[in-house]
Amino acid sequence: MERIELTYPATEKLQHKALAGVVGSGDLEAMFIPHQEKMLKIIIKTSVDGSKHRWQNLFNRFASLHALPMGTLEINDFASTPGVAKLRIEQVFEEANYA
Amino acid sequence: MLANLKSNRAWDSRLNEKKRRCNAVNKLANGKVLATDSFVEALEKLIVAGDRVVLEGNNQKQADFLARKLSQVDPNIIHNLHMLMPSIGLPEHLDIFEKGIAKKLDFSFSGTQSLRISQLLADHILEIGAIHTYIELYARLFVDLIPNVALVAAYKADRNGNLYTGPSTEDTPSIVEATAFKNGIVIAQVNELVDDEADLPRVDIPASWVDFVVVADKPFFIEPLFTRDPRLIKPIHVLMGMMAIKGIYAKHQVKSLNHGIGFNTAAIELLLPTYGEQLGLKGKICQHWALNPHPTLIPAIECGWVETVHCFGGELGMEKYMAARPDIFFTGHDGSMRSNRTLCQLAGQYGVDMFVGSTLQVDGLGNSSTVTHGRLSGFGGAPNMGHDPHGRRHATSAWLDMMQSQNPVDRGHKLVVQMVETFQAGAKPTFVEQLDAVEVGKESDMPIAPVMIYGDDITHVLTEEGIAYLYQAKSLEERRAMVAAVAGITDIGLGVDSKRVAQFRKEGKVAFPQDLGIQPTQAQRSLLAANSIADLVEWSDGLYDPPARFKSW
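Those protein sequences? They're chains A and B, same order as listed.
Under full-length UniProt numbering, the first residue of the first sequence is numbered 1, with each subsequent residue one higher.
Under full-length UniProt numbering, the first residue of the second sequence is numbered 1, with each subsequent residue one higher.
The following block contains the structure:
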């Protein structure tokens, strides 16, 4: 198990708490809790050691394409691929916007 | 006349040699029927050291009894065989090499034995002639790899040698033809021997092409390779399936196609009756298929999407369903399906507008291969379906849609789509700077790198990130940048210039899911027409009878 924390500047206000994904091999569970500070705090607990660089790349790319929401994003990762991770993160933000 | 230049050779040496060998087993045969218990002895008389032997076995049907018996012959008598094998799928196939019975191998696909082949090659226990696509290997059976002996499998034979191969006809006609009509010896293993032709459901191979039959100790093995359990389809497959349907199938109005096997294509098949229906695409796309009988196609068939399916081979459990849908599948007068791998590969080469496949590695230019370090998997049919056949002369709207120039003698192009996730399980990147195949080719002294599909044949790369419409690339450099635009956070993708990606999206050269109007939250398993094997059985009105391993009930 590894714990990774990342922080990004954020501007989007999302209204709701949201949960996406499942606890299961090759997948992850992502939980978003909005707050008022202009930053996105990301806490990743992953079963894959040595994956910090990949998560940084994933969020750097995400940040280059989307405005990030203000809040805390908690991820419990069970060896998801970056593709699955990105989809779950997009889903949890979308849920938090419309839920 | 230059009479002194005329050769004095005998012109019927193969015929005489065949007669000699057949006479040598007189005592072991009752007419054409060889006894099961003395079969190894018969093989030692019918095969000669150094022979080219074609052993039937592809990714589905396996002449496994014949493979087992061949691995039991005395290597002092029979050695140095040159094996021609569409597929190496069983441990016995490689035992033949380990025991010194065979030395050289020409093949197409190795699947489950790919690791062991690599090892035997490294240890110089086997030599590889070439790795082929299926019909390329069959073609060579008629040119420079004509077999001395063919070992094939059938469900039933009569005492005269008529064979019933039914839904699993597959490669048998081509292999038998190349051997029988060049004075080679054709030996068929059968599950059941009947007395008379009238007792066979139908004749798939006529008796005069077959020299011997032997009743196997157990029915031949078939791998249900084309069954994908819908329970294992993930939301990411649903997302990519939606992108494919909207961004490729609908955009280009693809009416005829082949699907490689995988969860991506299974997802597409299960999305047609739901998502495809929502988009109003029924009757506009996906009507004609060159495809194995994928159980996941059942809901689309039942909803009226599919008009015809021609099959390379059968699929365990689909027999009754196919027999009950003769308007869709090719069936004999007995009602059972007839497959033919050679003809279906031809259909997939010339007849269809699109191939959608998957792979393990893609390089920056779109070249791809499933050969990776330590894994010599071969290609099967993918290179054949996954290329643009330059001999094609008929036009369809999808084919014409690939034309990019105003040149008055330009031609269309088959759609060749690679559908891959940017990373596979275990954080293995799919997009790489250089294919492992390049190194493997060098290490194994191959004259060319074992590339499965060349980049210049690829028209579309689809990942979870987006679709790159590579047929629109104006240069190699632009092609590379378009591949990078959908390569995610692989090393290839990280080098991307985000302004250029934005420009590609504006020009329609790259489309992200949101550009296609697809929201991530839509990518739910509930969108699939079937969520389990049990659902597929229900869709088929109980006609689909899945193998036990797929039953959870």
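Backbone N, C-alpha and C define an ideal beta-carbon position, used for all residues, glycine too.
Going by beta carbon distance, what residues of the same chain come within less than 7 Å of Leu15 (chain B), once the five residues before and after it are set aside? Position 15 of the second sequence, counted from the start, is the residue given in the question as residue 15 (chain B). Cβ within range, chain order: Asn183.
Nearest-angstrom Cα distance between Tyr454 (chain B) and Asp217 (chain B)? Indexing the second sequence from 1 puts residue 454 (chain B) at position 454. Indexing the second sequence from 1 puts residue 217 (chain B) at position 217. If I take the Cα positions, the gap works out to 43 Å.
Limits of the unbroken beta strand (DSSP E) element including Gly441 (chain B): As a first step, residue 441 (chain B) is located in the second sequence; it is residue number 441 there, counting from the start. No beta strand (DSSP E) contains Gly441 (chain B), which is instead part of the alpha helix (DSSP H) from Asp436 to Glu443.
Glu5 (chain A): first and last residue of the uninterrupted beta strand (DSSP E) it sits in: Taking the first residue of the first sequence as position 1, residue 5 (chain A) is located at position 5. Looking at the DSSP string, the run of the beta strand (DSSP E) that includes Glu5 (chain A) is Glu2 to Pro9.
Do three or more CB pairs link the segment 357-368 of chain B to the segment 474-487 of chain B at distances below 8 Å? The segment 474-487 of chain B and the segment 357-368 of chain B touch, with three or more beta-carbon pairs separated by less than 8 Å.
So with CB distances below 9 Å, who are the chain A contacts of Leu55 (chain B)? If you number the second sequence from 1, residue 55 (chain B) lands on position 55. Chain A residues near Leu55 (chain B): none, gap ~37 Å exceeds 9 Å.
Met482 (chain B) burial status per 10 Å Cβ neighbour count (16 or more: buried): Indexing the second sequence from 1 puts residue 482 (chain B) at position 482. Flag for Met482 (chain B) reads buried.
Nearest by alpha-carbon distance to residue 560 (chain B): which of B:Arg21, B:Glu433, B:Pro86 and B:Glu177 is it? Residue 560 (chain B) lies beyond the range of chain B shown here (1 to 553); nothing can be said about it.
By alpha-carbon positions, which one of A:Gly24, A:Lys41 and A:Thr46 ends up nearest to Met1 (chain A)? As a working note, residue 1 (chain A) is residue 1 in the first sequence. It is A:Thr46 whose Cα lies nearest to the Cα of Met1 (chain A).
Nearest-angstrom beta carbon gap, Ala153 (chain B) and Gln62 (chain B) [assumed within contact, 8 Å]: As a position in the second sequence, residue 62 (chain B) is number 62, starting the count at 1. As a position in the second sequence, residue 153 (chain B) is number 153, starting the count at 1. Their Cβ separation, rounded to whole angstroms, is 7 Å, which keeps Gln62 (chain B) and Ala153 (chain B) in contact under 8 Å.
Using DSSP with H/G/I as helix, E/B as strand and the rest coil, what is Pro429 (chain B)? In the second sequence, the residue the question calls residue 429 (chain B) occupies position 429. Pro429 (chain B) falls in the strand class under three-state DSSP.
Any contact between the segment 14-30 of chain B and the segment 112-124 of chain B? By contact I mean 3 or more CB pairs, one from each, below 8 Å. Not touching, per the Cβ criterion.
Residue burial classification, Thr274 (chain B) (beta-carbon count within 10 angstroms, cutoff 16): One-based indexing of the second sequence puts residue 274 (chain B) at position 274. Counting other Cβ atoms within 10 Å of its Cβ, Thr274 (chain B) reaches 16 or more and is therefore classed as buried.
Measure the beta-carbon distance from Pro230 (chain B) to Asn531 (chain B) and round it to whole angstroms, keeping in mind my assumption that it falls under 8 Å. For the purposes of this step, residue 230 (chain B) is taken as residue 230 along the second sequence, with counting starting at 1. For the purposes of this step, residue 531 (chain B) is taken as residue 531 along the second sequence, with counting starting at 1. The C-beta distance from Pro230 (chain B) to Asn531 (chain B) rounds to 5 Å, short enough to meet the 8 Å contact threshold.
In chain order, what residues of the same chain have a beta carbon less than 7 Å from the beta carbon of Ala250 (chain B), not counting five sequence neighbours either side? Numbered from its first residue, the second sequence carries residue 250 (chain B) at position 250. Cβ neighbours of Ala250 (chain B) beyond the five flanking positions: Leu279, Leu281 and Ile285.
Closer than 8 Å at the beta carbon, the chain B residues around Thr46 (chain A): Residue 46 (chain A) sits at position 46 when you count from the first residue of the first sequence. Taking the beta carbon of Thr46 (chain A) as reference, no residue of chain B falls within 8 Å; the closest one sits roughly 11 Å away.
Under the three-state reduction of DSSP, which class applies to Asp12 (chain B): helix, strand or coil? As a working note, residue 12 (chain B) is residue 12 in the second sequence. Asp12 (chain B) falls in the coil class under three-state DSSP.
Looking only at C-alpha atoms, which of B:Ala398, B:Asp64 and B:Leu43 sits nearest to residue 557 (chain B)? The structure shown does not extend to residue 557 (chain B), since chain B spans only 1 to 553, so no value can be given for it.
State yes or no: is the beta carbon of Ala18 (chain A) nearer than 8 Å to at least one beta carbon in chain B? Translated into the one-based positions of the first sequence, residue 18 (chain A) becomes position 18. So, not an interface residue.
Of all Cβ atoms in chain A, is any one closer than 8 Å to the Cβ of Ile236 (chain B)? In the second sequence, counting from the first residue as 1, residue 236 (chain B) sits at position 236. Chain A places a beta carbon closer than 8 Å to that of Ile236 (chain B), counting this residue as a contact.
With 8 Å set as the bound, which would you pick, yes or no: does the beta-carbon of Phe263 (chain B) sit closer than that to a beta-carbon of chain A? Residue numbering aside, residue 263 (chain B) sits at position 263 when the second sequence is read from its first letter. Not a single CB atom of chain A sits nearer than 8 Å to the CB of Phe263 (chain B).
Which of the residues in the segment 69-81 of chain A, read from start to end, lie with their CB under 8 Å from any CB of chain B? From the segment 69-81 of chain A, only Ala79 and Thr81 have a Cβ closer than 8 Å to chain B.
Cβ pair count under 8 Å reaching 3, the segment 456-471 of chain B against the segment 417-426 of chain B: Result yes; three or more Cβ-Cβ pairs closer than 8 Å.
For His79 (chain B), tell me which candidate among B:Glu56, B:Arg159, B:Asp491 and B:Lys104 has the shortest Cα-Cα distance. Within the second sequence, residue 79 (chain B) is the residue found at index 79, counting from 1. The alpha carbon of His79 (chain B) has as its nearest neighbour, out of B:Glu56, B:Arg159, B:Asp491 and B:Lys104, the alpha carbon of B:Lys104.
Between B:Tyr164, B:Phe181 and B:Leu151, which has its C-alpha nearest Val194 (chain B)'s C-alpha? Numbered from its first residue, the second sequence carries residue 194 (chain B) at position 194. Nearest to Val194 (chain B) by alpha-carbon distance, out of B:Tyr164, B:Phe181 and B:Leu151, is B:Tyr164.
Are there three or more Cβ pairs, one per stretch, closer than 8 Å when the segment 252-261 of chain B is compared with the segment 290-297 of chain B? Pairwise C-beta distances place the segment 252-261 of chain B in contact with the segment 290-297 of chain B, as three or more of them are shorter than 8 Å.
Would you call the CB atoms of Leu70 (chain B) and Ile96 (chain B) closer than 8 Å? By one-based count along the second sequence, residue 70 (chain B) stands at place 70. By one-based count along the second sequence, residue 96 (chain B) stands at place 96. Yes, these two residues count as a Cβ contact at 8 Å.
Give me whichever residues DSSP pairs with Gln418 (chain B) in a beta bridge. The residue you call residue 418 (chain B) lines up with position 418 of the second sequence. According to DSSP, Gln418 (chain B) bridges with B:Gly357 and B:Val461.
Mind checking who residue 109 (chain A) pairs with in its DSSP beta bridge? The shown model of chain A, from 1 to 99, leaves out residue 109 (chain A), and the question about it has no answer.
Answer yes or no: does any C-beta atom of chain A fall closer than 8 Å to that of Thr422 (chain B)? As a working mapping, residue 422 (chain B) is identified with position 422 in the second sequence. Yes, because at least one Cβ of chain A sits closer than 8 Å to the Cβ of Thr422 (chain B).
When the distance is taken between beta carbons, is Glu269 (chain B) closer than 8 Å to Thr296 (chain B)? What you label residue 296 (chain B) is simply residue 296 of the second sequence in a count that begins at 1. What you label residue 269 (chain B) is simply residue 269 of the second sequence in a count that begins at 1. The answer is yes: Cβ separation under 8 Å.
Consult DSSP for Glu170 (chain B) and reduce its assignment to one of helix, strand or coil. Locating residue 170 (chain B) in the second sequence gives position 170, where the first residue counts as 1. Looking at Glu170 (chain B) - three-state DSSP - the assignment turns out to be coil, as it is neither helix nor strand.
Where Phe181 (chain B) falls: helix, strand or coil (DSSP): In the second sequence, counting from the first residue as 1, residue 181 (chain B) sits at position 181. DSSP places Phe181 (chain B) in the coil class of the three-state scheme, outside both helix and strand.
Distance, Gly89 (chain B) Cα to residue 554 (chain B) Cα: The displayed coordinates of chain B run from 1 to 553. Any statement about residue 554 (chain B) would go beyond what the structure contains.
Count the other C-beta atoms from every protein chain shown that fall within 10 angstroms of the C-beta of Ile448 (chain B), then say buried if there are 16 or more, exposed otherwise. For this step, residue 448 (chain B) is matched to residue 448 along the second sequence. Exposed, since its Cβ has fewer than 16 Cβ neighbours within 10 Å.
Meets three-Cβ-pair contact criterion under 8 Å: the segment 314-327 of chain B and the segment 368-377 of chain B: The segment 314-327 of chain B makes no contact with the segment 368-377 of chain B: fewer than 3 CB pairs, one atom from each, lie closer than 8 Å.
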